[in-house]
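To start, the structure under review is shown below, and the notes come after it.
Residue numbers (UniProt numbering): 1 to 85.
Next up, the structure:
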């Protein structure tokens, strides 16, 4: 991955993190094949429109757990977000 690609990935991870309500809202985040499984402090802080604008194919909520469908890059995005926490 080039430096430019790496910076774009970091920017995307930061934007997704913000759309999930910020670092303080994340209890746990893990990749699950094509999804980001996120346990959150407050699910109402999630900005679904922003997530979809960032390329999410869908957002599913179940209590304090939100799953964001991002495709095969879920592992990379989760790792990049963890680096920001």
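Ideal Cβ positions, reconstructed from N, Cα and C, are used throughout, including at glycine.
Close-in-space but distant-in-sequence residues of the same chain around residue i (CB under 6 Å, 5 per side omitted)
{"i": "residue 47", "result": "19"}
{"i": "residue 49", "result": "none"}
Inter-residue spacing [alpha-carbon to alpha-carbon] between residue i and residue j
{"i": "residue 37", "j": "residue 15", "result": "16 Å"}
{"i": "residue 24", "j": "residue 41", "result": "8 Å"}
{"i": "residue 75", "j": "residue 11", "result": "16 Å"}
{"i": "residue 39", "j": "residue 22", "result": "12 Å"}
{"i": "residue 28", "j": "residue 66", "result": "11 Å"}
Neighbourhood of residue i by C-beta distance below 7 Å, restricted to the same chain and skipping five residues each side
{"i": "residue 51", "result": "16, 19, 59, 68"}
Nearest-angstrom beta carbon gap, residue j and residue i [assumed within contact, 8 Å]
{"i": "residue 34", "j": "residue 63", "result": "The pair is not a contact, with the Cβ atoms about 21 Å apart (cut-off 8 Å)."}
Minimum C-alpha distance to residue i - residue among the options
{"i": "residue 73", "options": "30, 61, 45, 66", "result": "30"}
{"i": "residue 32", "options": "77, 85, 26, 13", "result": "77"}
{"i": "residue 44", "options": "82, 57, 26", "result": "26"}
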